[in-house]
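One structure is given below, encoded as C-alpha cells.
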Amino acid sequence: MDSPVVSDRIRSVLDQMEASTRAVDEARTLPPECYTSKEFLEFEKEAIYRRCWLYVGHESQIPEAGNYLADNILGEPVVVVRTRDGGIKAMSAVCRHRSRPLVVENGSAKLFRCPYHNWTYDLNGNLMGAPEMNKTCPLKELRQGNALPAIRFENWNGFLFINFDEDAEPLAPSLQKLQPHIENFVKADLKVGPVIHDYGEIPGNWKIWVENAMEPYHTPWVHPMEHDYLAPKNSRYEDHVPSDASIHHWTYITGWFEEDEKPQYDLQGPDDAHMLFPPIKTLTEEELNRAMFATIPPFLFFSAMPDMVFIFQIVPITPDSINLKVSWLFAKECLEMPDIEERARKQDEFNDIFNQQDFTTNKHVQQGLHSKYAPRGRYCYLEETLPQINRWLLKRCRDYVEQCG
Ligand code: FES
Ligand SMILES: [Fe+2]
2 MDSPVVSDRI RSVLDQMEAS TRAVDEARTL PPECYTSKEF LEFEKEAIYR
52 RCWLYVGHES QIPEAGNYLA DNILGEPVVV VRTRDGGIKA MSAVCRHRSR
102 PLVVENGSAK LFRCPYHNWT YDLNGNLMGA PEMNKTCPLK ELRQGNALPA
152 IRFENWNGFL FINFDEDAEP LAPSLQKLQP HIENFVKADL KVGPVIHDYG
202 EIPGNWKIWV ENAMEPYHTP WVHPMEHDYL APKNSRYEDH VPSDASIHHW
252 TYITGWFEED EKPQYDLQGP DDAHMLFPPI KTLTEEELNR AMFATIPPFL
302 FFSAMPDMVF IFQIVPITPD SINLKVSWLF AKECLEMPDI EERARKQDEF
352 NDIFNQQDFT TNKHVQQGLH SKYAPRGRYC YLEETLPQIN RWLLKRCRDY
402 VEQCG
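Going left to right, the sequence shown walks through residues 2 to 406 as the numbering used here numbers them.
So, in C-alpha cells, the structure goes:
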C-alpha cells in the first residue's frame, strides 16, 4: 500500500508548531489552525488517534466475565470485554458478516450476538454460530479467519487503553514519571463509583479541553471561590521529555480546614470544612495535602485527590467539539457507605459547577481561535504544562510524517 500523503499545508503547520515547544518563557501558543481546521483533525486521526494509547475505561467497570465496554472511537466500533479466564480483551465490534456493530453500548453478555442475522461470537471473539450458513459455507470453514480482530490493549494500574497500531511501543515504560504518583492510589484498590456523567457533544477542540484541565492559571478567574483551596501559586511542575506519554503537575491544598479543625464528612459538599468522602488510607501525608492533575493524551485526564480520583475521557468529534465522560474512583470504604449514591451524585453536582464554568470558557476560546486576529500568545509560567503538551503532540506528528516518508 502506498504511504499516505501529508499535505504541504500540514507540513507548514507542523513547522509553525515548533515555536510552541520552546521553554515556557519563550514558547508561543499553537497555531490557531491546530484547533479549528478539519484537515488538521483528519491528520491527527492518523498521527495521534490511530497510533497512541487511548483510554477506554477502568477495569472496575467490567469485574465479571462477560461485562464489556462498547465504544465508537472516531468511527471504529470497539468492545473491551472481561473474558472467562478473568483476562481482558479488546476487539473490533464489527460483525464479520456484513459489518453491523455487535454492541453499541456498555453491557454484559455470555456471547456476542449480532442483531442483524444472529451470527454469534464467544467472549474471545471466535465465531460460534451462523444460522443457515452451512448451505453456503460449512461453519467449520466459515470460522477460519472470521474471529473478531483483536486490538492492542494494555491495563495500566486499572486504566484500560487500546491502540490501533500493531507496532506501537508498550505504554507503561513511557509512564515511569507518573507511576510513583499513582502507586498509593492503586494500593487502595479504587473502583468506579455509581455515577458516570456523559455530557454528550460539547464545544471546544480536544486540545482546548486538555489544556484547560492541565493549567492552574485560570482557576481563580473562571472558578472564583470553588477552587480557592487549590491556589495556582501552590502548583508544582515536573520535567518532561517528548517521549513521556503523560504530563502532570500537582497543587498543594490550602484552606480546606481551619488549623486543627478536623474535616467533616457530610453531604454539604467539599467546601471549607466539609468533604464528602474520608481520605484514602494508603496515601502519604504529602499526598493527602495535594491534588495531582495528569493527562495521558489524547483521551485521558485525571485528578488524584486525597479522597478520590476523578476522570475525564475526552474524545474529539469535530475540530470544534468533543464528547466528555466524567467518572470517579473511590476506595472500598466509600463504596460501602449506605448513602454512596447520594454522595456520588452530590460530588457530580459539585464538579458540574466547575465543568459548566469550563464549558463556557472553552466554547468562547474556540470561537476566538476562529478569528483572523487569533494570536500566537505567550504563556504564563503557571502554564508550564502547555508547552509540554505541545512537545508531546509535535513529536508524535513528526514521527508519523517521518513514517509516511
Ligand atoms: S451483519 Fe452480523 S449477522 Fe449479518
Ligand atoms: Fe477549569
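C-beta: ideal position from N, C-alpha, C; glycine also.
- Taken in chain order, the complete beta strand (DSSP E) segments of 3 residues or longer contained in the region 186-233 are 198-204.
- DSSP, reduced to helix, strand and coil, places G58 within a strand of the structure shown.
- Setting aside the 5 residues that flank it on each side, Y238 is surrounded in the same chain by H250 and E385, each with a C-beta closer than 6 Å to its C-beta; the list follows chain order.
- Distance between E43 and E334, taken at the CA atoms: about 45 Å.
- About 23 Å separates the beta carbons of P78 and S61, which is beyond the 8 Å limit, so they are not a contact pair.
- A straight line joining the alpha-carbon of D16 with that of C53 spans about 21 Å.
- No residue range can be given for L277, since it is assigned to no alpha helix (DSSP H) and is classified by DSSP as neither H nor E.
- Cα atoms of N363 and D26: separation of roughly 23 Å, rounded to the nearest angstrom.
- Checking the 6 Å criterion, the Cβ of C115 is within range of a heavy atom belonging to ligand 1.
- For Q314, the secondary structure class from DSSP, reduced to helix, strand or coil, is strand.
- Taking non-hydrogen atoms of ligand 1 into account, the C-beta of C96 is found less than 6 Å away from one of them.
- Taking 7 Å as the cut-off, the beta carbon of V57 is found closer than this to the beta carbon of V81.
- Our two residues, P279 and R101, have alpha carbons roughly 46 Å apart in a direct line.
- Set against 6 Å, the gap from the CB of D353 to the closest heavy atom of ligand 2 is not smaller.
- The residues F186 and M293, in chain order, have a CB closer than 6 Å to that of A305 in the same chain once the five nearest residues on each side in sequence are set aside.
- With fewer than 16 other Cβ atoms inside 10 Å of its own Cβ, Q357 counts as exposed.
- If you ignore the 5 residues before and after D123, its C-beta comes within less than 7 Å of the C-beta of L112 and M129, all in its own chain and listed in chain order.
- For the pair L179 and I248, the Cα-to-Cα distance works out to about 8 Å.
- Ligand 2 approaches V223 closely enough that one of its heavy atoms is under 6 Å from the residue's Cβ.
- Assigned with DSSP and collapsed to three states, V25 falls in coil, not helix or strand.
- Three or more beta-carbon pairs separated by less than 8 Å are not found between the region 335-348 and the region 312-324, which leaves the two stretches without contact.
- Not one heavy atom of ligand 2 lies closer than 6 Å to the C-beta of D229.
- Ranked by Cα distance from L55, the options V14, P299 and E45 are led by P299.
- Taking 6 Å as the cut-off, the C-beta of D359 counts as close to a heavy atom of ligand 2.
- Taking a contact to require three or more Cβ pairs closer than 8 Å, the region 135-143 and the region 187-206 do not qualify as touching.
- Around the CB of G146, fewer than 16 other CB atoms lie within 10 Å, so the residue is classed as exposed.
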